[in-house]
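Only one structure is covered here, and it is reproduced in the block below.
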Amino acid sequence: MAKSRQESEQAIRTIVANLQNRPHVIITERGWLPIVLAFLLGLAVVSMLWIFAILPLLNGEYSPQALPEVQVEQPVVRTGTGETPQERQARIMREYEQAAERLGLRR
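Number 1 in this note's numbering belongs to position 1 of the sequence shown; there are no gaps in the numbering.
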């Protein structure tokens with residue numbers, strides 16, 4: 001057990017020494033450009049979120065009071081005969097009542 005512990009400690013010391021001797025390897029393998037571009041991209045995303053989402057919310061631009069009142073007119077739906085559904089329903093009821101009176105089902 002003592003030998004494996006010594007081997008583990010030696011391996012850790014070797015790894016730490018290698019990292020201490022070459023800390024620049026992580027950055028210099030790819031250069032600074034990807035790091036700078038990633039930072040600028042993140043800055044751009046945060047700026048867009050701030051400008052287009054957070055500031056308008058703070059200013060109350062999306063509150064119900066700030067939205068304009070919209071009047072929506074119901075479209076007039078015409079059937080094949082040129083009537084609105086309400087007119088058609090009233091006509092059918094009149095015809096039904098007239099037919100019921102002719103057949104003697106109503107007085």
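By construction, the Cβ of each residue, glycine as well, lies at the ideal position given by its N, Cα and C atoms. Computed from a prediction, not measured in an experiment: that's the story for all the values here.
Extent of the continuous alpha helix (DSSP H) to which Q86 belongs:
For the purposes of this step, residue 86 is taken as residue 86 along the sequence shown, with counting starting at 1. Start and end: 85-102.
Measure the Cβ-Cβ separation of G60 and A66 and say whether it is below 7 Å.
Residue numbering aside, residue 60 sits at position 60 when the sequence shown is read from its first letter. Residue numbering aside, residue 66 sits at position 66 when the sequence shown is read from its first letter. Taking C-beta atoms as the reference points, G60 and A66 count as a pair closer than 7 Å.
Quick one: grab the DSSP three-state call for R5.
Sequence index remark: in the sequence shown, residue 5 carries index 5 (1-based). It is helical.
By the DSSP assignment, the alpha helix (DSSP H) with T54 in it spans what residues?
The count along the sequence shown starts at 1 and reaches residue 54 at position 54. Per the sequence presented here, residue 54 reads as Ile, with Thr not at that position. Where I54 is concerned, there is no enclosing alpha helix (DSSP H), given that its DSSP letter is neither H nor E.
Helix, strand or coil at S47 [DSSP, three-state]
Residue numbering aside, residue 47 sits at position 47 when the sequence shown is read from its first letter. In the structure shown, S47 sits in a helix (DSSP, three-state: H, G or I).
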